[in-house]
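Residue numbers (the numbering used here): 198 to 749.
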């Protein structure tokens with residue numbers, strides 16, 4: 198029903214909330230007089246909690262479908278974990294540093310009626326990364342087959358032909374997962390384990406473990422490590438995660454690693470711009486205290502200052518376990534197994550501004566410690582920092598010199614570590630890990646790097662927890678083992694509070710920037726189905742640009 202059309206029941210002007218409620222037993226749309234921070238449009242209202250990548254993408258999609266959308270974010274800007282740090286001319290992405298699966302990003306902008314090129318400039322990395330092993334050897338990964346073949350044969354003679362077979366399997370896993378498994382909503386276990394879906398689960402080898410599956414192709418332990426560490430992009434161990442994640446090295450080597458000009462933070466900025474163009478009202482510095490419910494219905498949110506915002510539907514981009522633990526106290530929700538949920542790892546971060554350029558460091562570098570398998574056991578089973586930790590380096594100024602002052606470099610260091618645990622005190626462990634990083638860099642030929650640090654910022658699991666409301670400081674949200682993927686993962690719609698929805702890394706389908714964008718599409722599809730069932734009068738139409746707002 199368009200705003201200009203009369204109500205079909207009482208023939209009054211459009212916006213008759215009481216008639217909409219009568220037509221949907223058990224459901225009551227929030228009447229205009231109950232909506233604070235109002236909605237003058239008469240359209241159904243949606244509140245989005247959190248301005249992460251998933252929240253921004255979903256908010257824009259909802260607005261385009263006819264919702265009047267308000268988004269509330271506790272920090273002073275967009276991005277969530279995909280955030281940015283700037284100090285004295287140095288710029289670092291705080292979380293993700295690479296773009297994989299660019300087609301997913303393109304689909305998001307296309308669905309919003311836009312061309313991605315008008316909002317983002319994606320640059321392809323010519324060299325994916327250089328990997329340093331503990332025995333002093335190294336290998337450079339690239340999408341260029343001849344160069345990659347030479348590198349592999351140098352490490353393990355005869356491995357290149359098996360590598361081609363490995364890529365072929367990865368392509369099957371990638372396309373099957375994206376087209377048939379990850380990219381759709383499931384109605385339940387029976388839907389997931391239907392004959393058609395079950396055949397695809399076996400096709401992508403989700404029933405096997407990643408490391409064991411990769412070991413069929415490579416005998417050298419160094420190459421096995423180099424082809425499996427990518428599961429840490431999801432914060433999970435390759436020894437425990439499904440072999441379907443073989444799609445990750447394929448996306449890097451077959452599709453490529455990409456970098457947005459301006460850094461990864463360009464992505465939430467672009468999505469924020471689209472959301473604003475679609476009419477989403479953005480409120481920064483506006484933390485949500487709790488989600489309001491009446492019986493089995495969400496009615497809106499209460500902000501920290503006590504202000505109430507009523508809405509027909511609530512969508513949470515805050516980390517799902519945090520929402521159930523902190524924002525829904527006493528509500529009749531359905532997350533019954535929250536005490537048994539498994540979480541991802543965290544990261545000890547160093548954001549370093551260097552006095553000079555280190556040309557020997559490429560855009561991406563991976564440095565392995567001594568005990569590859571033992572380090573994962575330490576992180577995920579024993580909840581302790583490995584004795585000789587592996588780490589990842591990113592030099593964003595290598596591809597975009599504007600991210601550091603002239604003649605200098607920005608250096609990002611990520612050390613995979615366990616999530617928060619009573620046995621780990623980061624005031625003690627942090628300095629030890631930092632010293633190990635600089636010692637290893639000295640061994641790799643950079644003895645002066647520590648002395649060349651001009652700016653330094655540190656981020657620990659405690660900071661991930663406090664800054665982004667991540668339960669246990671798990672930087673990637675809920676883990677993605679077999680029993681936390683598909684319908685086993687917490688749903689994007691609460692089973693009891695039917696107008697409460699979720700988007701982001703800890704709900705379906707999972708973690709990682711492309712997956713979170715898919716999450717935004719899936720949850721909006723589910724919300725539109727709910728809105729149709731509830732007979733909400735949506736009228737997709739021309740967007741009305743809205744300003745960005747900050748809480749007073």
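Cβ coordinates follow ideal geometry from the N, Cα and C atoms, glycine included.
(message) For residue 731 and residue 265, I'd like the C-alpha separation in whole angstroms.
(response) So the alpha carbons of these two residues sit roughly 17 Å apart.
(request) Measure the beta-carbon distance from residue 654 to residue 548 and round it to whole angstroms, keeping in mind my assumption that it falls under 8 Å. (result) Correct: roughly 4 Å between the Cβ atoms.
(request) Determine the direct distance from the alpha carbon of residue 340 to that of residue 449, and round the result to whole angstroms. (result) Distance from the CA of residue 449 to the CA of residue 340, rounded to the nearest whole angstrom, comes to 8 Å.
(message) Measuring straight from C-alpha to C-alpha, what distance separates residue 235 and residue 477?
(response) Here the model assigns residue 235 a pLDDT of 46, short of 50, so the residue's position is not dependable, and the following value carries that caveat. Distance between the alpha carbons of residue 235 and residue 477: 13 Å.
(request) Can you tell me the Cβ-Cβ gap for residue 269 and residue 246, rounded? I've got them flagged as a contact below 8 Å. (result) So it is a contact: roughly 6 Å between Cβ atoms.
(message) Quick check on residue 341: does DSSP put it in helix, strand or coil?
(response) In this structure, DSSP gives residue 341 a state outside helix and strand, which the three-state scheme calls coil.
(request) Please go through the same chain and pick out, in chain order, the residues whose beta-carbon is closer than 8 Å to the beta-carbon of residue 620, but skip the five residues on each side of it. (result) 580 and 581.
(request) Measure the alpha-carbon distance for residue 481 versus residue 274 and round it to whole angstroms. (result) Distance from the CA atom of residue 481 to the CA atom of residue 274, rounded to whole angstroms, is 6 Å.
(request) May I ask you to report which of helix, strand or coil DSSP gives residue 732? (result) Secondary structure at residue 732: coil, using DSSP grouped into helix, strand and coil.
(request) Helix, strand or coil for residue 244, going by three-state DSSP, please let me know. (result) Residue 244 falls in the strand class under three-state DSSP.
(message) As an exercise, report each continuous beta strand (DSSP E) stretch of at least 3 residues that is fully enclosed by the region 477–512, in chain order.
(response) Counting whole runs of 3 or more residues, the region 477–512 contains the beta strand (DSSP E) stretches 478–481, 485–491, 494–500 and 505–507.
(message) Can you tell me whether residue 318 is buried or exposed? The criterion is at least 16 other CB atoms within 10 Å of its CB, across all chains shown.
(response) Classification of residue 318: exposed, given that the 10 Å Cβ count is below 16.
(message) Rounding to the nearest angstrom, what Cα-Cα distance links residue 589 and residue 472 in this structure?
(response) Spanning the two alpha carbons is a distance of roughly 33 Å.
(message) Tell me which residues share the same chain as residue 416 and place their Cβ nearer than 7 Å to its Cβ, disregarding the 5 neighbours each side in the sequence.
(response) The answer, listed in chain order, is 353.
(request) Could you pull out every residue in the same chain whose Cβ sits closer than 7 Å to the Cβ of residue 525, ignoring the five residues on either side in sequence? (result) Result list for residue 525: 488, in chain order.
(request) Identify, in the order they occur along the chain, each residue of the same chain with its Cβ nearer than 6 Å to the Cβ of residue 453, setting aside the five sequence neighbours on each side. (result) Cβ neighbours of residue 453 beyond the five flanking positions: 321 and 340.
(message) Quick check: residue 260 and residue 475, are their CB atoms within less than 7 Å of each other?
(response) Yes, the pair counts as a contact, with Cβ atoms nearer than the cut-off.
(message) So within the region 676–715, which uninterrupted alpha helix (DSSP H) runs reach at least 4 residues, ignoring any that extend past its ends?
(response) Runs of alpha helix (DSSP H) with 4 or more residues, each lying fully within the region 676–715, are absent.
(request) Just mark residue 463 as buried or exposed, buried being the case when its beta carbon has 16 or more other beta carbons within 10 Å. (result) Residue 463 is classed as buried because its beta carbon has at least 16 other beta carbons within 10 Å across all chains shown.
(message) On the CB-based measure, 16 or more other CB atoms within 10 Å of its CB, does residue 227 come out buried or exposed?
(response) The pLDDT assigned to residue 227 is 44, lower than 50, so where the model puts this residue is not dependable, and the model offers no usable value.
(message) Please identify the residue among 470, 493, 468 and 506 whose C-alpha is closest to the C-alpha of residue 486.
(response) Out of 470, 493, 468 and 506, 506 has the C-alpha closest to the C-alpha of residue 486.
(message) Our contact map puts residue 540 next to residue 676 with C-beta atoms below 8 Å; I'd like the distance itself, whole angstroms only.
(response) Rounded, the Cβ-Cβ distance is 6 Å, consistent with contact.
(request) Inspect the beta-carbon positions of residue 495 and residue 652 and report whether they are closer than 7 Å. (result) It is not a contact, given that the beta carbons lie outside the stated cut-off.
(message) Going by DSSP, what residue range makes up the alpha helix (DSSP H) through residue 624?
(response) Counting along the chain, residue 624 sits inside the alpha helix (DSSP H) bounded by residues 623–640.
(message) By alpha-carbon positions, which one of 567, 456 and 570 ends up nearest to residue 710?
(response) The alpha carbon of residue 710 has as its nearest neighbour, out of 567, 456 and 570, the alpha carbon of 456.
(request) Taking residue 605 and residue 648 to be in contact with their CB atoms under 8 Å, please state how far apart those CB atoms are, rounded to whole angstroms. (result) About 14 Å separates the Cβ atoms of residue 605 and residue 648, ruling out a contact at the 8 Å cut-off.
(request) Assign residue 279 to one of two classes, buried (16 or more other C-beta atoms within 10 Å of its C-beta) or exposed (fewer than that). (result) Label assigned to residue 279: buried.
(request) Return the CA-CA distance between residue 682 and residue 256, expressed in angstroms with no decimal places. (result) Cα to Cα, the separation comes out at about 24 Å.
(request) Using the Cα positions of residue 735 and residue 385, report the straight-line distance between them to the nearest angstrom. (result) Their Cα atoms are separated by approximately 27 Å.
(message) Measuring only the C-alpha atoms, how far is residue 331 from residue 378?
(response) If you draw a straight line from the Cα of residue 331 to the Cα of residue 378, it comes to about 38 Å.
(message) Is it buried or exposed, residue 427, if we count other Cβ atoms within 10 angstroms and call 16 or more buried?
(response) Flag for residue 427 reads buried.
(message) Let's see if you can read the secondary structure: which residues bound the beta strand (DSSP E) around residue 550?
(response) Going by DSSP, residue 550 is part of the beta strand (DSSP E) stretching over 543–551.
(message) Check for me: the beta strand (DSSP E) holding residue 605 runs from which residue to which?
(response) That residue, residue 605, is in no beta strand (DSSP E); it is neither H nor E in DSSP.
(message) Can you check which of these residues, 544, 657, 458 and 374, is closest to residue 587 by C-alpha distance?
(response) Considering only alpha carbons, the answer is 544.
(request) Name, in chain order, the residues that DSSP records as bridge partners for residue 249. (result) For residue 249, which the question treats as bridged, DSSP gives the partners 276.
(message) I need the DSSP call for residue 271, collapsed to helix, strand or coil.
(response) In this structure, DSSP gives residue 271 a state outside helix and strand, which the three-state scheme calls coil.
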